[in-house]
Every structure is written in structure tokens, then in C-alpha cells.
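One structure is given below, encoded as C-alpha cells.
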Amino acid sequence: MMRYLIVLLVMLLPVEALAVSAEDVMKKSQATFHYQGKDFKARVVMKLVSKGGQERTRELTMLRKNYGEAGGDQKFFMYFFRPADVKDMTFMVYKYPAKDDDRWLFIPAINMVRRIAAQDKTSSFVGSDFTYEDVSGRDIQDDTHAILKEEKLGGQDCYVVKSAPKKGDVNYAYKLSWVDKGNFLPLKEEYYDKKGELSRVFTADEIKRIKGFPTITKRTMKNLQSGHRTEVTYTKTDYNIGIEDSLFSERFLKQPPKKRIE
Amino acid sequence: MSSIMRYNVIARSPENFRDDEAIAIMWNKDCHAPMKIGARNDKNSYFQTTLLFSILSTVVCLLMSSYAIAADVSLHGFIQGNYSADAAKSNPDGGDFKWAEERVQLKLDASKEPFRLFLKTDAFYDHIDEKARLELREGYIDYIEKKWDLRAGRQIITWGLGDLIFINDVFPKDYEAFFSGRPMEYMKKGIDGAKIGLYPAFASFEFIAIPIFEPNNYTNAKRFYMFDPMPNVTNREEKDPPSNLENTEFALRAYRDIAGFDASVYLYRGFYRKPYMIPDDINNTTKITYHYPKLSVYGASLQGRALDGVLSFEAGYYDSRQDRAGTDYTAPNSQTKFLIGYQRQLWEDFTIGLQCYNEYMHNYSEYVKNQPSGLPKDRKLYQLATVRLTQLLMHQTLKLSFFSFYSTSDGDYMLNPEIKYNFSDHVWAAAGGNVFGGGEKWSQFGQLDKNDNVYLQVRYEF
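Laid out in C-alpha cells, this is it:
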């Protein structure tokens, strides 16, 4: 009798409770990709490689602290080691969902902190193939999401999600994401331009568990149209290190604390 | 040693047309006669330098001995060539270059908590004067505590929000560097003093004491044409405020966030950094003495995100303490200065910056009444607009920029187009031009009409 009752109850549950919505997948993916831990730190090396093979390197320490739930406010602090002409520069972002970020740049040669007016949706991050938004994440509600299919990628079961921007505020028409069903990290992303041609491809090249958090420690963004690509490696990656709120201030932009940036 | 540490002051601006402190550029409203008064600084500079090095070496020794084993030391710097050629006319002394030098900079950074030592030293060879020199650009010790810190020594301080327009940035500038096509960082001169930072939860504070006065550096009269109302008077001398407790300059900035805007208030008590002239006899001048009148500044600024960009407001009241009534023509009148700035990214890697600046002279009728005939008169309201356009290309390795000043009240202008390319992660070069014109022969940029130049900067950085 009890068995029949359970079956009946299960049948009465709404269909959505069993199926995963595309939005849920992208929310979970965002939470894993951009919001894990209370805070996060990594030494980031970005190798910019031109079609002809010329390489340039940007190296920075990136610190991130969450304020609230996944999808909520975040603060970023970055300190640049390389190239030489930007050494000792620091950059700070207060990121808000659903409105423009606040950004400050410190220029050590003249000891000056300035707000900067860059738009994160289209601006390249330090000249790389990543935009600011690729680095810090895009608001889930800025796109409509649909699961196109489920398939294996590199042996991992994935959802393939199509995300189309609601507004034409980015320089692509839509994006396909291969989201790992197990840890919800994006293993691959394809960006299609307004003509429907593949323009950029993101791949997660190495994933490690750090303090239990699955983390993409090597990634590449390739621009298929220009032949330019950017390879990013995270080292010294750590979570929940107790970053103080006070770090995200003019004081420490000017004098970044050694123990935080090393 | 002393002259090495300072920019050579060849000539200084005489009459009080306008205070140029406000505007990077405003400097040159004045006129400069070709005479060397740099000597006045030498003794002072010698003491500063000696004092500074004594302090530094003591601390270095301390650091080196007990601490230094674990100190974190880094050495960086650059090698640079910097040349600026006349584009309109040869220099007053017949030369064809405003600037021509090779330079090496070394930056030593050593830290061992809670201390940090920073030294930035330049060595350069000047092809125009055919001299090799050393210059301590910055040299200070930091002491850092959780809620406060201290920085003592030669340091660069930048306040205010203006882009090449300075209201509350009351610290010394080098206008010659700016007009000669040198990299922007050379426009700022260090101060020799101490800064205390206090960081309680409700706001942050910077308190600065400057015991040794440092004037602005203006253009060299051998290299630049400038307006001089009394070109025949060659007997000129310059008087710095003597270094004593009473003349110590004080500056305070308090800042915090207010509803998403960065808000600051500023106080300054010290001196104008532009010299004003005192003729021995206005009707029959045989000697001109330059002095730095007493000044207090009360100001505020606000900056935040608005209208899809960044919006800035800055204002300051310049209290000319030696001439509050406005009747003394040898000191400037008090002024109110106001700036609105707006910056926005219009498309990928293209940014536009606009500024509108106003300068209002108080007690203008007294000024007009007392200004000797034969000296040009300032307007009651001076207005200046600026435009900055920046486009980054080729993965931000190529930068095209354009900056212009245009005075809507005086009708003169300065244009500065520039192209900069990073050949690699270590080598960049920039080429540009400075074009001046319009207005009157004594107005800010108008007087620089014959000084157009094209410049090249090449740097290897390590």
C-alpha cells in the first residue's frame, strides 16, 4: 500500500522538479566557476599568443571576496607583476549584479588612484582574448538559456546550454556552454558572432580540487577570426584565506600588502 | 649635489596674471626672463639632500643589520631616450631641441614588515646642456601599522580629480617636462616631508607636513619663448620661504565613500608654488624680486559612476593670505576654482574624457584698480575646456591618444596627439607633438605659440 502511495505522490510532483532547467544549470555553473569559497586568491599568468606566434605575458595576483550569495556582490583586487611597464599597478573592481561595476586603477609612477570608465561587457581584459565579463562572470538574467542536448566531452557528461543575450550589449550573438554534470564547471564555451559563425572558443584545460573546490587552473580562449589566443595558468590558488574587507580600499591599492599579493 | 637634485630654475614667471597652480598648464601665463636664479635653491637643496640621505642611510643600516636577512628586496628600472625637436622655430638661444637626453632609472624596493624602503634614482645625460646628472626622484621609508601608517622622505603626492587640471593638487609640478614632451610621470615633483595616514572605520585621512618649500619648475628661457612684460630688467632674484616651523606647509585630506561616490575634502596651508614678482619701482624698474605668496586652499571633490561613465566634481577656494583685499598687485587675488569632468567608454577600447574648468577672481574691481598699467590683466572669469580621446588597438599594445586644452575665455589652445606602441613586454616607444596657439601673446598657451615641438620617447623597462 505504502509503495503505491509513494508512486502516486511522485507522479503528482510537477515535472520541473525532476528535470533540470537551463537556468539552474547556469546558476550552478556560475556558483562553481565564479563564486566558490568565501574568498579566493590566485597568481595568474596570461600568455597572449598572436597568430604569428609572438608571445606577451601578463602576470598578476587576483584576489576575490564574495558579499552575499552566489550571483551577488563581489570585490576584486589585482596586483600586476608583469609586463614591466605596469609593474606595481593595482586594479580594484566592485562588481554588482544588474548594474555597472565600480573600477579603480592605481598608477604608481604618479601615486594616483583613478576611477576608470571601461565597460566590462566588451572590453578586453589587459589586452587578452578574455573580456572583463569572462573573468568575473556574466549575470544569469542577462541571457535566455536553453538546454540543447546532453553529451560527453572528454569523457565527462555535460549539459550543452545555449545562452542568448537579451540585449545586444555584447559582441557575440549567442554562446554554447558544455557544463560538466558532475561539478558544473564549463569545460568548453563557443561564442558565435552575429553572422552565426564561431568566433571564440574557451576550453578548460586543467581542473584541480583545491580545498575541495573544483577549480579550472588552466584555460584557453582562442579567437578563431584573428588567430590570437590567450592561455591562462593559475598557481598558488587558494580559498577561504580570510581576506579583510579593508583590502578593497584606496589605502591598499596604493600600498598592496605583501602577504596578500605574493 | 644640490643642483643635481633639482630641476634647474632658469627663469621664473614675473607678474601675477593668473595663478597657474590651478592648471597644469596655466603656468605660462607669465613671462620669464632669461636669467639664472637657480642658485638660491642650492644651499637649501644641499641640506635637504644631506638630511634625507642621513635619515635614509640610518634606516637602511637598521634594516640591513638586524632585519635585512629576511628582507624582501627588488630592483627594477628602465633605460630611456627622450628627444623633443622644435617644429615651429629654433629656440631663443638658437638650439633646435627642447629636450634631448638618455636616462637610466633604478627603483629599489626593500621591505620587512612593518618597514619598507623605496628609492627611485635617475641618472641622465642632457645633450642640450651637455651635462650628466643624478636625481633622486623618490626616496622614503614607510612604517605600516594596522590602522595608520607613516611615510617619510621624498615622495610624490597626487590629489584631486582633474586630468592635467589641478585645484587641490597643491604639490609641486614640472611644467617644463610637460611642454617638452617628457613622459607624464615627470610632470610631478616629489616633496620632502612626511605623510601620516589614519584609517578609522568612518573615513580615511592623509596628513602631510612639508618643512622644505619646493616651487614648481617652469620652462627654461633659453629653450622656450615666453612673454615677459619687462624684458629689459635683467637684475632678478628669487626668494624662497625660509625653512622653519612657521613656514612648514600642512595639507590634510579626508575621504570616504558617500552613496557610491568617492568624496574628499582638502585643506592646505602653505604657499603659491608659482613665483610672483615685486618690482623695486613700478615706474622705473631696475630689479625684480620673485616671491611665493602665502596661500591656503579649502576644497572638496566627488567622483562616481553616472550617465554610463564616470563623473567628477572638484572645487577649491584659494585664500591668498597676503592679499585678501585684492589691492596688492604683487600677490594674486583670492579665487574660487571649479571643475566638472566626465569620462566614458564609447566603444571597445575607446574612451573619451571631457572637462570644463572655471576660475573666478574675487575682489576683481580692486585688482583692476591696482594692476599697474603696462601689465596685462587677467579676466574675472577664466574658463578652460579639455578633451581627451584614447583608442587602444592590437590587444592594447598600440595606443592612439589626443589631448587638447582650449580656453573659451582667452581663445588659446594646446594640442597633444600621441602614438605609443609596445614592441614587446620590455620595449615601448611613443611619438607625439605639442602645438600651441591662439589668444594673446601673454595668455597661457598663446605665449607658447612659437614653441611647437615633436617628441620621441623610447624605453626599455626591466
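Protein sequences appear in the order of chains A and B.
So for the first sequence, my numbering puts the first residue at 38; every next one is plus one.
So for the second sequence, my numbering puts the first residue at 14; every next one is plus one.
Ideal Cβ positions, reconstructed from N, Cα and C, are used throughout, including at glycine.
Taking C-beta atoms under 8 Å as the contact rule, A98 (chain B) and V467 (chain B) qualify, at a distance of about 6 Å.
In the DSSP annotation of this structure, L320 (chain B) is not part of any alpha helix (DSSP H), being labelled neither H nor E. Listed by position along chain A, the residues whose Cβ is nearer than 8 Å to that of R146 (chain B) form an empty set, because the closest Cβ is around 20 Å away.
In this structure, DSSP gives G279 (chain A) a state outside helix and strand, which the three-state scheme calls coil.
The C-beta separation of I147 (chain A) from M197 (chain B) comes to about 7 Å, placing the pair in contact by the 8 Å criterion. The secondary-structure analysis by DSSP pairs I157 (chain B) across a beta bridge with B:D162. The segment 200-218 of chain B makes contact with the segment 162-175 of chain B; the number of CB pairs closer than 8 Å reaches 3 or more.
Taken through DSSP and simplified to helix, strand or coil, E234 (chain A) comes out as coil.
Annotation: Cβ neighbours of L85 (chain A) in chain B (cutoff 7 Å, chain order): H408. Only exposed fits V86 (chain B), as fewer than 16 other CB atoms lie within 10 angstroms of its CB. DSSP assignment within the segment 110-143 of chain A yields the following whole beta strand (DSSP E) runs of 3 residues or more, N-terminal first: 110-119 and 127-132. Remark: C-beta atoms of S193 (chain B) and F226 (chain B) do not approach each other more closely than 8 Å. Boundaries of the beta strand (DSSP E) harbouring D275 (chain B): F274 to F284, taken from the DSSP string. Residues are counted here when their Cβ sits less than 7 Å from a Cβ of chain A; for the segment 206-239 of chain B these are G210, Y212 and S217, given in chain order.
Boundaries of the beta strand (DSSP E) harbouring N260 (chain A): F250 to N260, taken from the DSSP string.
Chain A has a Cβ within less than 8 Å of the Cβ of T171 (chain B). For a cut-off of 8 Å, the C-beta gap from L190 (chain A) to K225 (chain A) is around 6 Å, short enough to register as a contact. A:V238 is the residue among A:K231, A:D230, A:E234 and A:V238 whose C-alpha sits nearest the C-alpha of P223 (chain A). With a beta-carbon spacing of about 7 Å, A398 (chain B) and Q368 (chain B) fall inside the 8 Å limit used to define contacts. Taking C-beta separations shorter than 6 Å and ignoring five residues to either side along the sequence, the partners of P185 (chain B) in its chain run K202, E227, N229 and R286, following chain order. Q168 (chain B) carries a strand assignment under DSSP once its states are collapsed to helix, strand and coil.
Contact between L119 (chain B) and L88 (chain B) is confirmed by a C-beta separation of about 7 Å, below the 8 Å threshold.
For chain A, the residues of the segment 305-323 of chain B that bring a beta carbon within less than 9 Å of one of its beta carbons are Q316, G317, R318, D321, G322 and V323, in chain order. In the pairwise beta carbon analysis, the segment 444-458 of chain B is classified as not touching the segment 97-112 of chain A: fewer than three pairs are separated by under 8 Å. At least one C-beta of chain B is nearer than 8 Å to the C-beta of S161 (chain A). Here Q409 (chain B) has D362 as same chain residues with Cβ atoms under 7 Å from its own Cβ, once five neighbours each way along the sequence are excluded. By the criterion of a C-beta distance shorter than 6 Å, K102 (chain A) is surrounded in its chain by D76, K112 and I280, once the five residues flanking it on both sides are discounted. Nearest Cα to F91 (chain B) within the set A:K124, A:T159 and A:S165: A:K124. DSSP lists A:M83 as the beta-bridge partner residues of R95 (chain A).
Within the segment 115-127 of chain A, R119, P120, A121, D122 and K124 place their CB atoms closer than 7 Å to a CB of chain B, listed in sequence order.
At a cut-off of 8 Å, the C-beta of E250 (chain B) has no neighbouring C-beta in chain A. Only residues of its own chain outside the window of five on either side were considered, and among them F226, N260, F284 and Y305 have a CB closer than 7 Å to the CB of P254 (chain B), listed in chain order. Nearest to Y330 (chain B) by C-alpha distance, out of B:Y156, B:D139, B:I141 and B:F179, is B:F179. At least one beta carbon of chain B lies nearer than 8 Å to the beta carbon of M149 (chain A). T364 (chain B) has a beta carbon lying within less than 8 Å of a beta carbon in chain A. Going by beta carbons, I291 (chain B) and T343 (chain B) fall inside the 8 Å limit.
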